[in-house]
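Straight run, no breaks: the sequence shown in UniProt numbering ends on number 534.
Notes for the one structure printed next.
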Amino acid sequence: MNVEPLSPPGVTTHDADILRMSNIRMKFGPVEVLKDVTLTLRRKEILGLLGANGSGKSTLIKVLAGFNSPEPGSVVRLWGEDLALPLDAGQIRQMGVAFVHQHLALVPSLSVIDNMLISDRSLRPYGINWGKERRRISALMAEFGLTIDPDAIVASLSPVERAFVAIVRAFAELRQSDAGRGGEGILVLDEPTPFLSVADVDKLFTLLRGIRETGASVIIVTHDIDEVLSLTNRVAVMRDGRLAAILNTQDTSRQQILDTIVGRVISAYDRAAKTAPTHPNVTITGLLGGRCKGFDATLKKGEILGITGLIGSGFADVPYLLFGATPGQGQITVGKTQLDAAHLSPAKAHGAGIALLPGDRMGQGGVATLSVTENASFLALPRMRHGPGLSHAMMTRATKALIAAHDVRPANPAADLGNLSGGNQQKVLLGKWLAEEPQLLCLDEPTQGVDYGARQQIFAALDQAAARGMKILVASTDHEQLAQLCDRVIVFRWGVPVQELTGADVAKDKIACACLGNDLRQTNDVPQDTEVFA
1 MNVEPLSPPG VTTHDADILR MSNIRMKFGP VEVLKDVTLT LRRKEILGLL GANGSGKSTL
61 IKVLAGFNSP EPGSVVRLWG EDLALPLDAG QIRQMGVAFV HQHLALVPSL SVIDNMLISD
121 RSLRPYGINW GKERRRISAL MAEFGLTIDP DAIVASLSPV ERAFVAIVRA FAELRQSDAG
181 RGGEGILVLD EPTPFLSVAD VDKLFTLLRG IRETGASVII VTHDIDEVLS LTNRVAVMRD
241 GRLAAILNTQ DTSRQQILDT IVGRVISAYD RAAKTAPTHP NVTITGLLGG RCKGFDATLK
301 KGEILGITGL IGSGFADVPY LLFGATPGQG QITVGKTQLD AAHLSPAKAH GAGIALLPGD
361 RMGQGGVATL SVTENASFLA LPRMRHGPGL SHAMMTRATK ALIAAHDVRP ANPAADLGNL
421 SGGNQQKVLL GKWLAEEPQL LCLDEPTQGV DYGARQQIFA ALDQAAARGM KILVASTDHE
481 QLAQLCDRVI VFRWGVPVQE LTGADVAKDK IACACLGNDL RQTNDVPQDT EVFA
């Protein structure tokens, strides 16, 4: 493995270095979260930044963005100039560093054009010429092959469209900056791909390679090792607040990167062989709503069923329709309970034994400002009564048991959920639902933004729940996850299921091929010659 030694203070920098963050130390209270991190970025380079949840990746990026204040002795050198710390967010952007953070920083209730203009520093002494701005933004979108309407409300856009709006806005910032030499800049992407399909990821990477060829540089924070191998020149791996290694991508294997992230050899969770389930327990008939135009399925006791497809193909609506979180139609039978989707509410679904862990875990699944205990015990409050009120001792005991069962770190029931890493947040929210022992557990992108080690723990928890007889439906664009976890996978296209994969066909490459099909035309109608799975 080709590993560069970490440079000690005072060592001459590489001639092509445009950014050098040296001896970066950062504390949250008494806890040191960044420990003498030294990171460099070279001209015309795409640098991957990887690490487990809580390793310090996003904290380091927020130092560069001016959100976090590092300890004295930390040094940031940009375009050959040492900058005063903490960094000024406005100055760093003006010097040509643009950011797309994990949560995109878009205002959902505003239009695309409003969001694009929020960070626009152009002087307009006579006010905004809205017609001119619409044409400018449409032209900018067209440069990247996008047809997003400038007047569309961001909340109405799909997740991938929102991601592209944020990325295009960041590119527009680079063009307005005083970056480096000849208008060069640095684009920093913090987990930009969790919502993107395989085709959209390829489109984004083509765009980033084009940006690199203009002289700009990119830092991309991601959990996806395959993305790193296909895109980057070098990869920096963080572990426990330190820079563990810098690897030359072309000389490095997937397993080497994975072992460096974890700090030891780690294997994928391997499901134990089990007898095929035989007892139908959940039946879905004529389910439709959103982009889903019709879905029939039967889940058997202990079965994990995956549903997937391209973004917008309709599969992602299914978990929310089953939980009554999205208006729909159809019939759902759970055990002996029959439900009408047209009159289904989340409370009624929960009462019938249906659970939902949404893809937007902190927007819809948990409350960042409440403690782990408050989030973990929310559903169990009726069982936590003591006299006229709640027993905080019971709540804390139950939360400690959840923390131990799912290896939540830090193991502090009083910590705010928002202060945990993404993987540990997901463990808490999944554990909350598993403790309810639902008949049907619906999951939307359950390992989105979760590091490899935490993913294996989540897979093990779901497999154990299935072994107890729980039925699990997983909606995901992560084909590797589906192949590792599911008994069978149903593929959607044009709003309906078109193919079912079982046995040896539940494999990453075969799922991807089934999603892409032979016709990628964007249409609202199923072609006449499409064979629809029923």
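From the three backbone atoms N, C-alpha and C, an ideal C-beta is built for every residue, glycine too.
If you reduce the DSSP assignment to three classes, tell me which class residue i lands in.
{"i": "Met470", "result": "coil"}
{"i": "Thr249", "result": "helix"}
{"i": "Asn281", "result": "strand"}
{"i": "Asp240", "result": "coil"}
{"i": "Val112", "result": "helix"}
{"i": "Arg234", "result": "strand"}
{"i": "Glu436", "result": "coil"}
{"i": "Phe533", "result": "Bear in mind that a pLDDT of 46 at Phe533, under 50, signals an unreliable position, so the number given afterwards is only what the model happens to contain. Correct three-state label for Phe533: coil."}
{"i": "Cys515", "result": "helix"}
{"i": "Gly422", "result": "helix"}
{"i": "Leu106", "result": "coil"}
{"i": "residue 573", "result": "There is simply no residue 573 to check, as the chain begins at 1 and stops at 534 in what is shown."}
{"i": "residue 552", "result": "Because the chain here runs from 1 to 534, residue 552 falls outside it and cannot be looked at."}
{"i": "Ile128", "result": "coil"}
{"i": "Pro382", "result": "helix"}
{"i": "Gly289", "result": "strand"}
{"i": "Gly389", "result": "strand"}
{"i": "Gly294", "result": "strand"}
{"i": "Thr447", "result": "coil"}
{"i": "Val201", "result": "helix"}
{"i": "Arg121", "result": "coil"}
{"i": "Ala461", "result": "helix"}
{"i": "Val401", "result": "The identity of residue 401 in the sequence shown is Ala, whereas the question assumes Val. Three-state DSSP puts Ala401 in a helix."}
{"i": "Gly365", "result": "helix"}
On the DSSP bridge assignment, give the partners of residue i in chain order.
{"i": "Val190", "result": "It is worth fixing the name first, because residue 190 is Asp in this sequence and not Val. Answer is Val221."}
{"i": "Cys442", "result": "Leu356 and Leu473"}
{"i": "Pro346", "result": "Bridge partners of Pro346: none, in fact."}
{"i": "Lys300", "result": "Pro280"}
{"i": "Thr214", "result": "BP columns for Thr214 are empty, so no partner."}
{"i": "Val416", "result": "Reading off the sequence, residue 416 comes out as Asp, not Val. Asp416 pairs with Ser371."}
{"i": "Asp340", "result": "Gln331"}
{"i": "residue 536", "result": "The question about residue 536 has no answer, for the chain in this structure spans 1 to 534."}
{"i": "Phe99", "result": "Val188"}
Note down, in chain order, each residue of its chain lying with its Cβ closer than 8 Å to the Cβ of residue i, except the 5 sequence neighbours on either side.
{"i": "Asn68", "result": "Met26, Thr59, Lys62 and Pro86"}
{"i": "Gly145", "result": "Lys203"}
{"i": "Val235", "result": "Leu47, Gly48, Leu49, Leu50, Val228, Ile246, Leu247, Thr249, Thr252 and Ile257"}
{"i": "Met384", "result": "Ser377, Leu390, Ser391, Met394, Met395 and Ala398"}
{"i": "Ser111", "result": "Pro150, Asp151, Ala152, Ile153 and Val154"}
For residue i, collect the residues of the same chain with a Cβ closer than 7 Å to its Cβ; drop the 5 residues on either side in sequence, then sort them by chain order.
{"i": "Pro108", "result": "Val154 and Ala155"}
{"i": "Leu140", "result": "Val168 and Ala172"}
{"i": "Ile380", "result": "As written in the sequence, residue 380 is Ala, which differs from the Ile given in the question. Excluding positions up to five away in sequence, the list reads Ala398 and Ala435."}
{"i": "Leu344", "result": "Gly324"}
{"i": "Thr285", "result": "Asp296, Gly330 and Gln331"}
{"i": "Lys44", "result": "Arg212, Gly215 and Ser217"}
{"i": "Pro327", "result": "Gly289"}
Between residue i and chain C, is any beta-carbon pair separated by less than 8 Å?
{"i": "Arg212", "result": "Annotation note: the requested chain C is absent from the structure, which comprises a single protein chain."}
Please return the same chain residues whose Cβ sits closer than 6 Å to the Cβ of residue i, not counting the five positions on each side in sequence.
{"i": "Ala77", "result": "Sequence check: residue 77 is Arg here, not Ala. Once the five neighbours on either side are set aside, the close Cβ partners of Arg77 are Arg20."}
{"i": "Glu445", "result": "Gly359 and Ser476"}
{"i": "Met116", "result": "Ile137 and Arg169"}
{"i": "Gly56", "result": "Val33, Leu34, Met238 and Gly241"}
Closer than 7 Å to a non-hydrogen atom of the ligand NAD - does that hold for the CB of residue i?
{"i": "Ala398", "result": "Because no ligand of any kind appears in the structure shown, any question about the ligand NAD cannot be addressed here."}
Item to check | Any beta strand (DSSP E) of 3 or more consecutive residues that is wholly inside the region 18-95 | outcome: 31-42, 46-51 and 75-78
Next on the checklist: For the region 319-337 against the region 286-299, do three or more pairs of beta-carbon atoms, one drawn from each stretch, fall closer than 8 Å, so that the two count as touching?
Outcome noted: Touching, per the Cβ criterion.
Checklist entry - Quick one: complete alpha helix (DSSP H) runs, 4+ long, within the region 137-185? => result For the region 137-185, whole alpha helix (DSSP H) runs of length 4 or above, ordered along the chain, are 159-176.
Checklist entry - For the 8 Å Cβ check, are there 3 or more pairs between the region 182-191 and the region 90-109? => result yes
Checklist entry - Is the region 348-362 close to the region 393-407, with three or more CB pairs under 8 Å? => result no
Checklist entry - Within the chosen definition, does the region 490-502 reach the region 511-518 through at least 3 CB pairs nearer than 8 Å? => result yes
Checklist entry - Between the region 34-44 and the region 239-249, do three or more beta carbon pairs fall short of 8 Å? => result yes
Checklist entry - For the region 246-263 against the region 293-301, are there 3 or more C-beta pairs whose distance is under 8 Å? => result no
Checklist entry - When the Cβ atoms of the region 457-475 are set against those of the region 430-448, are three or more pairs found closer than 8 Å? => result The region 457-475 is in contact with the region 430-448.
Checklist entry - If you pair each beta-carbon of the region 301-320 with each one of the region 477-492, do three or more pairs fall below 8 Å? => result yes
Item to check | Inter-stretch contact (C-beta, 8 Å, three-pair minimum) for the region 450-467 and the region 361-371 | outcome: Short answer: they don't touch.
Next on the checklist: Does the region 308-315 come into contact with the region 411-429, if we say contact requires no fewer than three beta-carbon pairs (one atom in each stretch) closer than 8 Å?
Outcome noted: no
Item to check | Touching by the beta-carbon criterion (3+ pairs, under 8 Å), the region 410-426 and the region 370-378 | outcome: yes
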